[in-house]
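Structure record follows, encoded as structure tokens.
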Amino acid sequence: MKNCFLFIMLALTGSVQGQYPKLIVQLTDKGGSTFSLNSPSAYLSSRAIQRRTRQNIAADSSDLPVLKKYLDSIVIAGNVQILSQSKWLNQVLIQSTDQAALNKIAAFPFVKKVRGVGYRPSGNPAEPVDKFKIERTEEIATPVLSARTMGDQLNYGNSYNQVHIHNGEFLHNKEYQGQGMHIAVLDGGFNSFKTNTAFDSIRINKQVLGERDFVAFDNSVNEDNLHGANCLSTMAANWPGKLVGTSPQASYWLIRTENSTGEYPIEEHNWAVGAEFADSSGVDMISASLGYTDFDDPAFDHSYSQFYNNSTMVSQAATFAAKKGMIVMNSAGNEGNSSWKYLVFPADADSVCSVGAVNGSGQIGSFSSYGYPGRLKPNIVSVGVNTVLAGLNNQPVTGSGTSYSTPNVAGLIACLWQAFPSFTNMQVLDVVYKSSDRYATPDNRFGFGIPNFKTAYRLLKKQINFSIYGSNWLLAAPNPFTSKITGSFVGQVDGNARVELVNAAGSILYSRSLLTEMEEVYNFSFDSLDALPRGAYTVRYADSLSARSVALEKNIPLNNDWLRLNPGNIFTGNLNVNFTAQETGTVAFRIVDSKGSKLAEQQLNITQGQSQQFNLSLSQLPKGVYYLQYLGKSQKRVIRLLKL
48 MKNCFLFIML ALTGSVQGQY PKLIVQLTDK GGSTFSLNSP SAYLSSRAIQ RRTRQNIAAD
108 SSDLPVLKKY LDSIVIAGNV QILSQSKWLN QVLIQSTDQA ALNKIAAFPF VKKVRGVGYR
168 PSGNPAEPVD KFKIERTEEI ATPVLSARTM GDQLNYGNSY NQVHIHNGEF LHNKEYQGQG
228 MHIAVLDGGF NSFKTNTAFD SIRINKQVLG ERDFVAFDNS VNEDNLHGAN CLSTMAANWP
288 GKLVGTSPQA SYWLIRTENS TGEYPIEEHN WAVGAEFADS SGVDMISASL GYTDFDDPAF
348 DHSYSQFYNN STMVSQAATF AAKKGMIVMN SAGNEGNSSW KYLVFPADAD SVCSVGAVNG
408 SGQIGSFSSY GYPGRLKPNI VSVGVNTVLA GLNNQPVTGS GTSYSTPNVA GLIACLWQAF
468 PSFTNMQVLD VVYKSSDRYA TPDNRFGFGI PNFKTAYRLL KKQINFSIYG SNWLLAAPNP
528 FTSKITGSFV GQVDGNARVE LVNAAGSILY SRSLLTEMEE VYNFSFDSLD ALPRGAYTVR
588 YADSLSARSV ALEKNIPLNN DWLRLNPGNI FTGNLNVNFT AQETGTVAFR IVDSKGSKLA
648 EQQLNITQGQ SQQFNLSLSQ LPKGVYYLQY LGKSQKRVIR LLKL
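Under the working numbering, think of the first position of the sequence shown as 48, with each following residue one higher.
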């Protein structure tokens, strides 16, 4: 702070506007909009709609564009230029020194408030100002070219430690490297990203989705501040043996919202506009290494009282972004050694994942901001002390700050979400927090601590497995069997497991040995079983920690064998039902899910003793556990089914 803890919303006066010809016009409503909530494709991309549909997020009034009739009235009021607009905050950024026009605008009945927010040239200084107080980047004296294990797909080189501290290579080795994920990076510029060899891959493979500049409005960010390129490199760089980022296969929007020549509230508005663009474009995640506490004019400074009440423009925008289904990552700030000490805005927002900084050994960086009392912040930490970055001389460099810890871990969260796209943004963040090393004892320095993405992956995988298999993680079918048994199991250990077919005397007839990982699903089969005698058999599973078995019968009638299923109670598409009627009248065969909800039904008129068959078309059902119910007058029967 600049010796001031009062945040003053400046009134519309001639002196203020003379000093700050860039102003925000806040509007009252969106009444009479020509856009409809029932037709979001008019203002949202198909990818944005898909993201919201997956998470059951409906369009609301905040999605509607600012009313054109209001914009037209502002423009014709006088010598006024509209620079940008925020539909979430329902406000317009204008530039004007025409006091008569400003007075006229302030008097419009649809205008709630007009306030100056800053004036600065839109260019960049020769030596960009680092407003996050990040330590000077330095070349790496001795490159770590051997930092790679034999099992790793990627040759991380110098960046191995900042990936390995999160077990991030576990995701990468499973081919989750960000493919199909769209990440918006909000920053002050991405200097030389078009020529820096660290970004050759994302350029050649067209992983740069585009550039947007909400400061100079030229939609070119290559000539601006270097800070954004440094941040981007922790995710997107692909220098085998030198530096490989945490999501090298993801696609990126490069969005400039920050002007490095000073600090004014206009940048909070820019952050909102950049986030809205990211949302409308269908971005999955936002990584922002920006934050705000004090300004060049102390009259604008924020105060501690604004923490956690969603009163700053940037925190409001970040909250909206999360509500639209994006994961929002923001630096916690580098204020740990300053008089301010605490978070920067919008890291305070409840739904924002704010990131502190540790070194490669997990020790907190002294500069990393403290969480302000009243809420658990920061949420997590990542490597932000001597983080390996892409330098301009085609060699890796190091730099320090929460600016770098944020994208480093954001890239891995993108890979995790890639692996489990059916989960919501908040569900993904929840398991990231639960995977962290201080989840049971969080504090205001580390938050939940250092996430472990091997653990996070398995937490989500376990949820999916339970939804499909329930607690029955060992399955074998058909029952009774004739010539073949097929089955599957959910891995219970990282190590060796064995599946055996055993007869009634306990003799092992067939066995399969597998190297397993926890929560992965493995299939097995026992073939050519025609010669086995009729009788009872067991499929038996064992590993170093657990054992389980399934009882089967060979050629023994099941309930007098009057109801038979083809291909059995494990199926992939349609199910053929053969039965001999046990009564006369109308009966129903019904498919229900694990909650008892009816999904399909076949009603038949039957005559006792007659054989019938029919097909149930179940190809549209997702994988999971279901039940076939026979509902007759004299008897009922239920068979458990598994769709693979």
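Cβ coordinates follow ideal geometry from the N, Cα and C atoms, glycine included.
Notebook entry, point to check: Between residue 246 and the rest of its own chain, which residues show a CB-CB distance below 6 Å, the 5 nearest in sequence each way excluded?
Noted result: 240
Margin query: Does residue 334 come out as helix, strand or coil in the three-state DSSP assignment?
Written below: strand
Next item on the list: Would you check if there are 3 or more beta carbon pairs closer than 8 Å linking the stretch 336 to 353 to the stretch 382 to 392?
Entry: yes
Note to self: Need the endpoints of the beta strand (DSSP E) that residue 234 sits in, please.
What the structure shows: 229 to 234
Checklist line | residue 458 burial status per 10 Å Cβ neighbour count (16 or more: buried) | finding: Buried: at least 16 other Cβ atoms inside 10 Å.
Next item on the list: For residue 258, count neighbouring C-beta atoms within 10 Å of its own C-beta (all shown protein chains included) and say buried if the count is 16 or more, exposed if not.
Entry: buried
Check: What residue does the beta strand (DSSP E) around residue 303 start on, and which one ends it?
Finding: 298 to 303
Next item on the list: Report yes if the CB atom of residue 461 is closer than 9 Å to the CB atom of residue 430, and no otherwise.
Entry: no
Check: Does DSSP classify residue 149 as helix, strand or coil?
Finding: helix
Next item on the list: Please list, in chain order, all residues of the same chain as residue 156 whose beta carbon is under 8 Å from its beta carbon, the five residues on each side excluded.
Entry: Apart from the 5 residues on each side of it in sequence, residue 156 sits with its Cβ closer than 8 Å to the Cβ of 75 in its chain, given in chain order.
Note to self: Can you look up residue 745 in the DSSP assignment and give me helix, strand or coil?
What the structure shows: Outside the modelled stretch of the chain, which goes from 48 to 691, sits residue 745, for which no answer is possible.
Check: In three-state terms, what does DSSP make of residue 123?
Finding: coil
Next item on the list: Kindly indicate which residue of 114, 103, 94 has the alpha-carbon position closest to the one of residue 79.
Entry: Of the candidates 114, 103, 94, the residue whose Cα lies closest to the Cα of residue 79 is 114.
Note to self: Alpha carbons only, please: which of 572, 527, 89 is nearest the one belonging to residue 545?
What the structure shows: 572
Check: beta strand (DSSP E) containing residue 650: first to last residue?
Finding: In the DSSP assignment, residue 650 falls within the beta strand (DSSP E) that extends over 645 to 653.
Check: Roughly how many angstroms separate the alpha carbons of residue 90 and residue 112, rounded to a whole number?
Finding: 7 Å
Next item on the list: Please determine, among 299, 124, 657, 266, the residue with the shortest C-alpha to C-alpha distance to residue 250.
Entry: 299
Next item on the list: Return helix, strand or coil for residue 135, following the three-state DSSP convention.
Entry: coil
Item checked: Proximity below 9 Å, CB of residue 211 to CB of residue 223 -> no
Check: Is the beta carbon of residue 622 sitting closer than 9 Å to the one on residue 516?
Finding: no
Notebook entry, point to check: Rounded C-beta distance between residue 323 and residue 160? I'm assuming under 8 Å.
Noted result: Contact doesn't hold; Cβ gap of about 20 Å is too wide.
Notebook entry, point to check: Quick one: is the Cβ of residue 548 within less than 8 Å of any heavy atom of the ligand NAD?
Noted result: This structure does not include the ligand NAD; it has no bound ligands of any sort.
Check: Is residue 651 closer than 9 Å to residue 633 when the C-beta atoms are compared?
Finding: yes
Next item on the list: Would you identify the three-state DSSP class for residue 345, choosing helix, strand or coil?
Entry: helix
Item checked: Distance, residue 264 Cα to residue 242 Cα -> 22 Å
Item checked: Where residue 464 falls: helix, strand or coil (DSSP) -> helix
Check: Beta-carbon separation of residue 37 and residue 268 under 9 Å?
Finding: The requested residue 37 is not part of the displayed model; the chain covers only 48 to 691.
Next item on the list: Would you kindly report the start and end of the unbroken alpha helix (DSSP H) that includes residue 217?
Entry: First-last of the alpha helix (DSSP H) with residue 217: 215 to 220.
Next item on the list: If I'm right that residue 381 touches residue 400 with Cβ under 8 Å, what's the distance once you round it to whole angstroms?
Entry: Between the beta-carbon of residue 381 and that of residue 400 there is about 17 Å, and that puts the pair past the 8 Å contact cut.
Next item on the list: Determine, using beta carbons only, whether residue 274 comes closer than 9 Å to chain C.
Entry: This model lacks chain C altogether, as it is built from one protein chain only.
Check: From the DSSP output, which residues share a beta bridge with residue 443?
Finding: 437
Checklist line | Outcome for residue 638 when other beta-carbon atoms lying within 10 angstroms are tallied against a minimum of 16 | finding: buried
Notebook entry, point to check: DSSP state of residue 405, grouped into three classes?
Noted result: Residue state, collapsed to three classes: strand.
Margin query: Count Cβ pairs between the stretch 306 to 321 and the stretch 361 to 368 that sit closer than 8 Å; are there 3 or more?
Written below: yes
Notebook entry, point to check: Which class does residue 257 belong to by DSSP, given the choice of helix, strand or coil?
Noted result: strand
Checklist line | Option in 108, 543, 600, 232 with minimal Cα separation from residue 531 | finding: 600
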